[in-house]
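Heads up, the sequence shown is in the numbering used here, so the first residue is 1 and it goes up one at a time. Just so it is clear, CB atoms sit at the ideal spot from N, CA and C, and this is done for glycine as well. Scroll down for the structure; my scribbles are underneath it.
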Amino acid sequence: MMTRAMSLVPTRADALTRANNIDAKRYARTRNYLNGDVTRLSPHITHGLTHIPELLQNIQARSELTWDDKIAFEFGWREYFQHVWDRLGVDIWRQPHHPPASAYADVLPDDIRGATTGVAIIDQQIGELYRTGYLHNHARMWIASYVVHIRKVSWQTGARWMYGHLLDGDLASNTLSWQWVAGTWTGKPYLFNAENVARYAPDVDCSGSVIDTSYEMLDVMARSSTPALSPQIMADRTVEPDLFSAPPLPPTDVAQHDPAAAVWLMHPWSLHLPDDRAAVGIINTDFHAAYPWSAKRWQCVMAAMQARCASVMVGSGDELAALLARTKLTAIKTLNPHYDVLIRRVAATVLPAPRAFGNPNMLKRSFTSFWNQVRREPFPR
């Protein structure tokens, strides 16, 4: 059984270990609980250390899966978000519905950044985010709901903050999940109260806090433009880790690869590549200037790149294009901005990122419509 005590270090070996320990039935029973038997494979999937088709094959080597299994359903959500991103591109930051209140701040309050809000589950899980770079999905939803609906901070501000600290930060999953919680994707906000926390995180007491109220009152609060606060607490402020727009550690020498050879182009979302040829790694600072990462995430990405690549190049898109101009490159497609443009510019061959389920030609605005269409096909084996 996978436990929260297992350290989260996204490597290929760790991905395989975690995959081999997935129990689909236990996952279905316990996944909603903070101490449930979840896979914690999202960082590995985000960075291409494994992928959903491989994970489904691994699980089905031990037990049969169908469209109705919860783990298939949750993998489906991830591929749904990728489908939306593939169809909308940067417009995933546009909201198709208005949020419930009329005004939201664009600055995250200091007590949220410092995990001193007075709402025990929020403070605990922000600390968890900073320490580990990982959050259970329920914790992500609770934090997003608190930030947007209780504290009246824009979902865009919250999404960018959380993305920067997550090891598994995926622009599609993170951005669209914040939209879903905010109510801007579906038209219905996600709300939670202390009773909900007590059910799924029974060791955390939120009584007496601002969320210790009814859903009717929470709905009133969500539609108000006035932030709601919990009683002030005397607690040590948690220090928010710095974020970096380039690796804190220097990369390898860019002159080590042979520009005449056919090589793989490794980017941060394709950290496991076939070993049939050499690889060169890239860090496109145009992207990271807009989406900086924690030192913990940089360390994981750079360690994987330097273990596999003859060289790792860090620079702007134009600088990298000039360095790679005469190299015969094969790359895995990514939707991440700036990286996608660079890959199309320099790679002779661009392979699709692996998917388990279909990718409808027309945008599916709801997961249900997406899932109903893709499940018309045989379940992937």
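Check, Outcome
"Please give the ranges of any alpha helix (DSSP H) in the region 161-226, keeping only runs that are unbroken, at least 4 residues long and fully inside the region.", "171-182, 194-200 and 215-223"
"How is I92 classed by DSSP in three states: helix, strand or coil?", "helix"
"What span of residues does the beta strand (DSSP E) with V280 cover, start to end?", "A279 to N284"
"CA-CA distance, A120 and M162?", "18 Å"
"So M141 is in the alpha helix (DSSP H); what residue range does that whole segment cover?", "N137 to S145"
"Could you give the residue range of the alpha helix (DSSP H) that holds T17?", "R12 to N20"
"Ordered along the chain, which non-local residues of its own chain (more than five positions away) have a Cβ less than 8 Å from that of L249?", "W298, Q299 and M302"
"Going by CA-CA distance only, name the one from D205, H83 and T117 that's closest to N196.", "D205"
"Please check the pair A353 and P53, which I expect to be a contact at CB under 8 Å, by giving their CB distance rounded to whole angstroms.", "Not really, about 10 Å apart at Cβ, beyond 8 Å."
"If contacts are defined as beta-carbon pairs under 8 Å, then M313 and I282 qualify, I think. What distance do you get, rounded to the angstrom?", "5 Å"
"Three-state secondary structure (DSSP) at G133?", "coil"
"Taking 8 Å as the threshold (C-beta atoms), are A279 and A310 in contact?", "yes"
"Between P100 and P227, how many whole angstroms is the CB-CB distance? I'm expecting something under 8 Å.", "Not really, about 14 Å apart at Cβ, beyond 8 Å."
"Return yes when the Cβ of I122 is within less than 8 Å of the Cβ of F104, no when it is not.", "With the sequence shown as reference, residue 104 is identified as Tyr, and Phe is not the correct amino acid for it. Result no, Cβ atoms of Y104 and I122 do not sit closer than 8 Å."
"On a CA-only basis, which of R62, Y80, D69 and I71 is nearest M374? Give me that one, please.", "According to the sequence provided, residue 374 is Val. The question's Met does not apply to it. Comparing Cα-Cα distances from V374 to each of R62, Y80, D69 and I71, the minimum goes to Y80."
"Exposed or buried, which one is R18 when buried takes at least 16 other CB atoms within 10 Å?", "buried"
"Is G317 helix, strand or coil by DSSP?", "helix"
"Express the C-alpha separation of N20 and N58 in angstroms, rounding to a whole number.", "7 Å"
"If you compare alpha carbons, which of R40, R376, E128 and S294 is closest to L16?", "R40"
"Do the CB positions of R26 and S173 come within less than 8 Å of each other?", "no"
"With respect to the alpha helix (DSSP H) encompassing K25, which residues constitute its N-terminal and C-terminal limits?", "A24 to T30"
"Applying the criterion that 16 or more other CB atoms from any shown protein chain within 10 Å of the CB defines a buried residue, is H98 buried or exposed?", "exposed"
"I believe S225 touches K152 by the beta-carbon criterion, under 8 Å. Please report the beta-carbon distance rounded to the nearest angstrom.", "6 Å"
"Report back the beta-carbon spacing between W293 and G164 to the nearest angstrom; my notes put them in contact at under 8 Å.", "6 Å"
"Can you look up F244 in the DSSP assignment and give me helix, strand or coil?", "strand"
"Can you list, in chain order, the residues of its chain with a C-beta nearer than 6 Å to that of H51? Leave out the 5 residues immediately preceding and following it.", "P354"
"Could you tell me the alpha carbon to alpha carbon distance between E74 and E64, rounded to whole angstroms?", "16 Å"
"Give every residue of the same chain whose Cβ lies closer than 7 Å to the Cβ of V210, excluding the five residues on either side of it in the sequence, and list them in chain order.", "V119, I150, A228, L229 and S230"
"Just list the residues that DSSP pairs M266 with in beta bridges.", "G281"
"Do L271 and W264 come within 8 Å of each other at the CB atom, strictly closer than that value?", "no"
"Tell me the rounded alpha-carbon separation between S207 and G114.", "21 Å"
"Looking at the secondary structure, which residues open and close the beta strand (DSSP E) in which T330 lies?", "K328 to I332"
"Suppose contacts are defined by Cβ-Cβ distances below 8 Å. Is L335 in contact with D86 by that definition?", "yes"
"So for A103, helix, strand or coil by DSSP?", "coil"
"Please report the distance separating the alpha-carbon of M305 from that of D219.", "47 Å"
"Output needed for L320: all residues of its chain with C-beta closer than 8 Å, excluding positions within five of it in sequence on either side, in chain order.", "I282, N284, M313, L342 and V346"
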